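*Asks:*
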Amino acid sequence: MMLPPGSTIGIIGGGQLGRMSAMAAARLGYRTHVFAPEFKSPAADVAAGATVGDYGNLALVELFARAVNVVTFEFENLPAESLELLETLKPVRPGAGILRISQDRVLEKRFLNDAGIATAPWAKVENEEDLAAAVARLGLPAVLKTTRLGYDGKGQAMLRTPEDLAAAFARLEPKPLVLEGFVNFAAEISVMVARGVDGTVVAFDAVENRHKHHILDMTLAPAPMPVTVLEEAQRLARTVAEKLELVGLLGVEMFVTADGAVLVNEIAPRPHNSGHWTMDACPCSQFEMHIRAVAGLPLPPAMRHSDAVMKNLVGPEDMALWPRILATPGLIPHHYGKVEARPGRKMGHFNRLFPKGGLPGELGIEDALALAEI
Ligand code: AMP
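Following this line, the structure appears as structure tokens:
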């Protein structure tokens with residue numbers, strides 16, 4: 112059943128992903144109600160209502176659920192009890208089972224491998240003996256990660272020599288940890304995939320993601336690599352959506368190895384920074400696709416009418432460029448409405464479109480992102 116216009120979509124999380132979902136929802140005639148810990152947040156600023164408080168406050172969770180028709184997420188690390196309560200009160204999309212898997216790297220990798228999807232070789236690490244055994248099996252270098260609550264490179268440590276093990280094990284919290292064999296990847300790519308209430312699955316084109324200081328810096332759409340790799344990435348993303356019986360939107364982050372193999376790194380059951388290019392290069396963006404799936408609307412094909420480069424604006428350095436970005440023809444600006452530009456904080460992004468098939472090479476991209484001199 113389609114949620115009628117005028118209904119209220121509840122969004123857990125107050126960040127920019129919630130903001131852009133709320134804006135897409137408004138265009139389809141929906142109200143949004145945001146649940147976030149802060150009184151002012153990028154999402155609450157553009158929503159019809161907000162519940163402000165701790166995600167673990169069950170009384171507030173209940174009030175929030177009573178104010179909305181359906182619940183979705185822009186932040187998925189909700190305490191388990193809050194999730195359980197929500198499920199008893201309103202439809203939760205994507206479902207709680209998917210959130211539990213994506214919150215836990217061990218469950219996530221087990222799910223992926225059981226679905227026949229390759230990941231980096233990995234081992235669960237509960238104590239230092241496990242770590243020694245895992246290193247003996249997977250070799251060095253390797254990456255040690257927390258199973259829960261990691262993002263943007265936080266909660267992980269690179270292990271290069273046997274001397275690195277003890278300190279990394281002691282530092283990373285909470286336990287248990289996961290050791291992953293180091294993937295000497297040629298590129299990092301991702302696919303945004305959506306699945307509707309009726310089971311329709313649509314996958315956006317695979318894109319390449321480039322990071323700076325562990326934070327996404329730039330997305331190239333489509334990823335400049337062989338079509339066989341791009342199609343394999345989309346196939347994997349569709350498989351994930353189908354096996355999880357997703358209702359909603361999900362990002363699949365992948366590594367492409369030098370010989371063109373595609374390994375899945377992690378999944379995020381929500382809009383994703385690497386999907387921001389769709390806001391200007393696709394008739395139906397990742398945010399509209401998210402809202403359509405959650406509201407039980409039909410999903411159009413994930414069509415791309417242009418090639419695109421997305422550039423993230425992070426911290427005060429990038430925001431100092433804002434006036435020049437606004438004054439540079441061809442750059443499509445998106446500001447998240449955050450007042451304070453702390454270092455490392457995602458403040459906005461811009462997209463630059465190119466005719467379909469016309470994504471330039473490295474020098475051309477640099478040139479296209481160069482800002483007007485004012
Ligand atoms: P994650 O938090 O898992 O998304 O990891 C953050 C970043 O660390 C990734 O985008 C990669 O650049 C790098 N990374 C993570 N896992 C591995 C791995 N097993 N091998 C090589 N690089 C990795």
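Under our numbering, the first residue of the sequence shown is numbered 112, with each subsequent residue one higher. Note that CB positions come from ideal geometry on N, CA and C, so glycine has one too. Predicted model only: the values in this text are computed from it and were never measured.
Compute the minimum distance between the beta carbon of phenylalanine 293 and the heavy atoms of the ligand AMP, and state whether it is under 6 Å.
*Replies:* Flag set: Cβ of phenylalanine 293 near the ligand AMP.
*Asks:* Suppose you measure from the CA of methionine 414 to the CA of alanine 314; what does that come to, to the nearest Å?
*Replies:* Whole-angstrom Cα-Cα distance: 9 Å.
*Asks:* For threonine 389, which of helix, strand or coil comes out of DSSP?
*Replies:* Looking at threonine 389 - three-state DSSP - the assignment turns out to be helix.
*Asks:* Measuring only the C-alpha atoms, how far is glutamine 345 from valine 363?
*Replies:* Straight-line Cα distance between these residues: approximately 9 Å.
*Asks:* Which residues does DSSP list as the beta-bridge partners of glutamine 267?
*Replies:* Beta-bridge pairing links glutamine 267 to Lys256.
*Asks:* Tell me whether the region 372-380 and the region 216-224 touch, counting them as touching only if at least three CB pairs, one residue from each stretch, are closer than 8 Å.
*Replies:* Yes: at least three Cβ pairs fall under 8 Å.
*Asks:* For threonine 311, which residues from the same chain have a beta carbon less than 8 Å from its beta carbon, with the 5 sequence-adjacent residues on both sides left out?
*Replies:* Excluding sequence neighbours, threonine 311 sits near Pro409 and Leu410.
*Asks:* Does the Cβ of arginine 138 have 16 or more other Cβ atoms within 10 Å, making it buried, or fewer, making it exposed?
*Replies:* Under this definition arginine 138 is an exposed residue.
*Asks:* Just to check, is the beta-carbon of asparagine 376 closer than 6 Å to a non-hydrogen atom of the ligand AMP?
*Replies:* It does: the Cβ of asparagine 376 is within 6 Å (strictly closer) of some heavy atom of the ligand AMP.
*Asks:* Out of Met113, Ala159, Glu195 and Gly140, which one is the CA nearest neighbour of isoleucine 122?
*Replies:* If we check each option's Cα against that of isoleucine 122, Ala159 comes out closest.
*Asks:* Can you name the start and end residues of the alpha helix (DSSP H) that arginine 248 belongs to?
*Replies:* Residues 239-249.
*Asks:* Regarding valine 254 and the ligand AMP, is the C-beta to nearest heavy atom distance less than 6 Å?
*Replies:* The answer is yes for valine 254.
*Asks:* Which residues share a DSSP beta bridge with arginine 415?
*Replies:* The partner list for arginine 415 (beta bridge, DSSP) is empty, contrary to what the question assumes.
*Asks:* Under 8 Å by Cβ, that's how I've got glutamate 237 and proline 287 pegged, so tell me the actual separation to the nearest angstrom.
*Replies:* 5 Å between Cβ atoms; contact.
*Asks:* Can you say whether glycine 126 is buried or exposed, counting buried as having 16 or more other CB atoms within 10 angstroms of its CB?
*Replies:* That one is buried.
*Asks:* Between the Cα of aspartate 225 and those of Leu347, Ala277, Met112 and Met400, spot the shortest distance and give me the residue it belongs to.
*Replies:* That would be Leu347, whose Cα lies nearest to the Cα of aspartate 225.
*Asks:* Is arginine 231 near the ligand AMP, judged by its Cβ being under 6 Å from some heavy atom?
*Replies:* Looking at the sequence provided, one finds alanine at residue 231 rather than arginine. Yes, since a heavy atom of the ligand AMP falls inside the 6 Å radius drawn around the Cβ of alanine 231.
*Asks:* Alpha carbon to alpha carbon, how far is alanine 372 from alanine 229? Give it in angstroms, no decimals.
*Replies:* Their Cα atoms are separated by approximately 9 Å.
*Asks:* I need the DSSP call for glutamate 187, collapsed to helix, strand or coil.
*Replies:* Note: glutamate 187 maps to coil in three-state DSSP.
*Asks:* Among Val358, Leu442, Glu356 and Pro434, whose alpha-carbon lies nearest the alpha-carbon of tryptophan 388?
*Replies:* Closest option to tryptophan 388, Cα to Cα, is Leu442.
*Asks:* Leucine 66: buried (16+ other C-beta within 10 angstroms of its C-beta) or exposed?
*Replies:* Residue 66 falls outside the range modelled here, since the chain spans only 112 to 485, and no answer is possible.
*Asks:* Closest to lysine 422 by CA distance: which of Leu255, Ser396 and Leu482 is it?
*Replies:* Taking only the C-alpha atoms, the option nearest lysine 422 is Leu482.
*Asks:* When you compare each of Leu432, Gly164 and Ala277 to glutamate 240 by their alpha carbons, which one comes out closest?
*Replies:* The candidate whose alpha carbon is nearest that of glutamate 240 is Ala277.
*Asks:* Relative to the C-alpha of arginine 211, which candidate in Thr339, Thr199, Glu192 and Lys235 has its C-alpha closest?
*Replies:* Closest by alpha carbon: Glu192.
*Asks:* Ends of the alpha helix (DSSP H) at serine 118?
*Replies:* Neither: serine 118 is in no alpha helix (DSSP H) and is coded neither H nor E.
*Asks:* Have a look at Asn180, Val182, Val145 and Ala178 and flag the residue whose alpha-carbon is nearest the alpha-carbon of glycine 164.
*Replies:* For glycine 164, the nearest C-alpha among the options comes from Val145.
*Asks:* Contact between the region 180-187 and the region 195-208: three or more CB pairs below 8 Å?
*Replies:* The answer is yes - the region 195-208 touches the region 180-187, with three or more Cβ pairs under 8 Å.
*Asks:* Considering Cα atoms alone, identify which of Ser152, Ala281, Tyr141 and Ala135 is closest to threonine 119.
*Replies:* Of Ser152, Ala281, Tyr141 and Ala135, the residue nearest in Cα terms is Tyr141.
*Asks:* For lysine 323, does the three-state DSSP call read helix, strand or coil?
*Replies:* Correct three-state label for lysine 323: strand.
*Asks:* Among the residues of its own chain, which have a CB less than 6 Å from the CB of alanine 298, if the five just before and after it don't count?
*Replies:* Around alanine 298: Glu319 and Val367.
*Asks:* Answer with buried or exposed for lysine 256, where buried requires no fewer than 16 other C-beta atoms within 10 angstroms of its C-beta.
*Replies:* It is buried - the Cβ of lysine 256 has at least 16 other Cβ atoms within 10 Å.
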